[in-house]
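Asks:
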Amino acid sequence: MFLPPGLDQHTYAIYVNGNLLAISCDACRANKTKCSGGPPCSLCRRRGIDCTLRNCLRQSRGVPTSDGSAAANASVSEDDDDVDISTSPTCLRPENFPAEHVLHPEGEHLPPNLEFLKNVTVVSSEPRTTGEFRPLSRGMEGIYELLVAEKPSLEGAMEGSDGLQEFVTKYLETYFKRFHLRWPTLHAPVFSLDISTMPLHLSASIDPELIPEGQAWPIELFQAVILTLIFSLYRTDKTALSRAMLLRSTFITFLRELGAFDAEILASHLKTHYSGTFAPYTLSMREHLTRLLALTYQFDVYFALAHEKPPILHRQEVDVGLPNTFALWNSYGIDVFDARQPEEPLGRIEFRISEMTNRPDSFTSSQLLVEDVQLGLCGLLQAIWVFRQSSSSSKTERHPSSALQNALLIEILDDWKLELDKINKLANARSMTSNATRTLLLAYRGADSSVAASLEKINTLVQDGMILYYYLKMYHNAGLVKTQTEEPHTDETLWTLNKYGRKALVCALQILKLVESIGAWKACLNPLIRHALAMGLNVTKTALVSGQKRECECLTNDGQHADVNLQQWTEIGGPIWIDGTPVCLCTLNFWTKSFEEAMQDLNIMEG
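If you count the sequence shown from 1, position 598 lands on 598 in full-length UniProt numbering, and the numbers rise without skipping.
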């Protein structure tokens, strides 16, 4: 991956007589740092000094041309206050760097429909107002800010920010011990601090035609993009959401046009650029791309589910093999790799994600791992979305085939949940001597190869899988409430009279109880939990308020607690208690407060 020299030194530029001039204030130029714009820019604001950026912009209007005359840029208003720095593209004049680094002839720029990509980022570069942070939330916040830092490398970011160095070790420790488990995008053993900023890489290579023919795909760029997208799941502000939606669709379209999801194209690319006989190298480079593509698919489903959007990627087009185990991906040292590689489950890398049926029994070559179950659950969102759309747009929900399709979806969801239960049982077995348990434990070794460390990883991922299962099931059943209920019932009574409303309510309460058992410190690392709780709160309010016109049934006629299990209640209705608390309008405030407190405890990054 290449970048023109000096490209990482500036953020803003203006057109002058057909050329592009980089703009930065005197303080940023003297410190050789990227000017964030303003005025004042963030560096000058932090130091409390006057920012000269406005003067730079004013002077740039009369830059001499090649024939010695002065020409003003027509796109820059004569009024200083009208200069919109925030929309200026990130680039430099072509003459400022050698010809071999120019992607297009002088004067030729990105097509108009791609110009906006030069400013793509998920968060604003403006300083964030920081409140009171817990150590964990501050670490997560710090990791995110470093990934989108306005420096060419992490080392540069540490040098240019007071007090940042003392937290970097904690940030990276938090990342690799907690976040890396869920999204193991980076190769921990060879992680480097010298990572270029994502927006600049993106501007240089977001269009496949801009990558010179025969050049290797920019893996580091891909990793930076997917990590930025993943971190957008932890944000709740509208600006981050709109930018993440744009970057998500652009990035997936880019990968499609490269052919990255095609098994033959991927194999050819690996053979061309990463061939050899040194197994640790060839397998590592294959895993870099395979794992990134699988995580892109998983992220797309998470994002679609969290924001109730259709997934962009379909399981059938992700024609790449399953990633290697967490243990092999995190082999520290050649000796560790040599010891772990023969222990890999047979057939994993040959089994393609696109070949997965919706059922767990499609995996016949090796034992299921937790991330396999998560991918299986992810594959159901597209079917759920299509079913919801077809049901809401017609009366086909009353057709027998529609009922069978719905029953099949629920059955498959429950099948994947059963696999999670099996893995959970293996991880909590008193005897760790069975072959299945041994295979499971070996698959989740990292730098710490102890049984306790493997069990902690397994339990964490199983909890994530349970959240995904209940979230998908709640989302599916909530969408069926109106389409599966006949007239003359009104919207106010649909939830209490319809079994799908009751099923959605049970899933919401299961999510709440699961989050409470996990604890806020661990729960905040799962990006789906905040969104699942928000939907669960809405489902609970709707379900309980819908029965307000009827007499509360929290007690039976003889004043005793209703003795009925959740499965039975979803079918027949009536009074129901969970952990000694009735689920009815009488306790609406209790359940609402429980959801709200669980959400507040997560302390996810907000804009």
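Even for Gly, the Cβ is constructed at its ideal location relative to N, Cα and C.
1. Return yes when the Cβ of Leu413 is within less than 8 Å of the Cβ of Lys499, no when it is not.
2. Whole angstroms is fine: what's the gap from Thr290's alpha carbon to Val320's?
3. Alpha helix (DSSP H) containing Asp237: first to last residue?
4. By DSSP's criteria, Trp577 is part of a beta bridge. Which residues make up the other side?
5. By Cβ distance below 6 Å, which residues in the same chain neighbour residue 631 in space, the five residues on each side in sequence not counted?
6. Among Gln463, Asp262 and Leu295, whose alpha-carbon lies nearest the alpha-carbon of Ile230?
7. By the 10 Å Cβ neighbour count, where 16 or more other Cβ atoms means buried, how is Lys593 classified, buried or exposed?
8. May I ask you to report which of helix, strand or coil DSSP gives Arg352?
9. In terms of residue numbering, what span does the alpha helix (DSSP H) encompassing Trp329 cover?
10. Can you tell me which of Val515, Trp217, Ile458 and Thr433 puts its alpha carbon nearest to the alpha carbon of Glu596?
11. Give the secondary structure of Gly259 by DSSP, where H, G and I count as helix, E and B as strand, and everything else as coil.
12. Rounded to a whole number of angstroms, what is the C-alpha to C-alpha distance between Leu441 and Lys541?
13. Check each candidate in Ala534, Asn538, Leu369 and Gln298 and name the one with the smallest Cα separation from Gly501.
14. How about Gln374 and Leu468: do their beta carbons lie closer than 8 Å?
15. According to DSSP, is Gly276 helix, strand or coil?
16. Could you round the C-beta distance between Leu258 and Tyr475 to whole angstroms and report it? I think they count as a contact, below 8 Å.
17. Tell me whether Gly347 sits in a helix, a strand or coil according to DSSP, three-state version.
18. For Gly321, list the residues DSSP reports as bridge partners.
19. Which residues bound the alpha helix (DSSP H) around Glu516?
20. With C-beta atoms as the reference, is Leu480 less than 8 Å away from Leu544?
21. Might you give, ordered along the chain, the residues of its own chain that have their beta carbon closer than 6 Å to the beta carbon of Leu588, omitting 5 neighbours on each side?
22. Taking its Cβ as the centre, do 16 or more other Cβ atoms sit within 10 Å of Asp579, making it buried, or is it exposed?
23. For the stretch 340-351 and the stretch 297-317, state whether three or more C-beta atom pairs, one from each stretch, are separated by less than 8 Å.
Replies: Quick answer:
1. Not a contact, by the Cβ cut-off of 8 Å.
2. About 6 Å.
3. Asp237: not part of any alpha helix (DSSP H); DSSP gives it neither H nor E.
4. When beta bridges are read from the DSSP output, Trp577 appears opposite Pro582.
5. Since the displayed the chain opens at 1 and closes at 607, residue 631 lies outside it and no answer follows.
6. Comparing Cα positions, the closest option is Leu295.
7. By the neighbour-count criterion, in which a residue is buried when 16 or more other Cβ atoms sit within 10 angstroms of its Cβ, Lys593 is exposed.
8. Strand.
9. In the DSSP annotation of this structure, the continuous segment of the alpha helix (DSSP H) that includes Trp329 starts and ends at Phe326 to Trp329.
10. Cα-wise, what sits closest to Glu596 is Val515.
11. DSSP, read as helix, strand or coil, puts Gly259 in coil.
12. Using only the alpha carbons, I get a separation of about 42 Å.
13. Comparing Cα-Cα distances from Gly501 to each of Ala534, Asn538, Leu369 and Gln298, the minimum goes to Asn538.
14. Their beta carbons are under 8 Å apart, which means Gln374 touches Leu468 by this criterion.
15. Three-state result, Gly276: coil.
16. Contact doesn't hold; Cβ gap of about 32 Å is too wide.
17. Three-state DSSP puts Gly347 in coil, outside helix and strand.
18. Gly321 is bridged to Arg352.
19. Segment Lys499 to Ile518, the alpha helix (DSSP H) holding Glu516.
20. Between Leu480 and Leu544, the CB-CB gap reaches or exceeds 8 Å.
21. Correct list, in chain order: Leu544.
22. By the Cβ-count criterion, Asp579 is exposed, with fewer than 16 other Cβ atoms from all chains shown falling within 10 Å of its own Cβ.
23. With a cut-off of 8 Å on Cβ pairs, the stretch 340-351 is not in contact with the stretch 297-317, counting fewer than three such pairs.
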